[in-house]
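Residue numbers (UniProt numbering): 1 to 55.
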């Protein structure tokens, strides 16, 4: 059984000292850092049209 496992490792080019994963997990990318967007300053003045939209 050990010989079969060693043969499969040789066929798939997997080395013992280097842990190479076979499958989709090898294609994972690191997540990109989220960019912080500047917040808009709120207008303290209220307009009649704004009040009409909210109602």
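Glycine residues also receive a C-beta, built at the ideal position from the N, C-alpha and C atoms.
This structure is a prediction, so every number in the text was calculated from the model and none was measured.
Coil, strand or helix - residue i by DSSP
{"i": "residue 12", "result": "coil"}
{"i": "residue 37", "result": "coil"}
{"i": "residue 2", "result": "helix"}
{"i": "residue 29", "result": "coil"}
Straight-line gap, residue i to residue j (C-alpha atoms, nearest Å)
{"i": "residue 4", "j": "residue 38", "result": "59 Å"}
{"i": "residue 10", "j": "residue 24", "result": "20 Å"}
{"i": "residue 44", "j": "residue 50", "result": "12 Å"}
{"i": "residue 2", "j": "residue 31", "result": "38 Å"}
{"i": "residue 34", "j": "residue 7", "result": "44 Å"}
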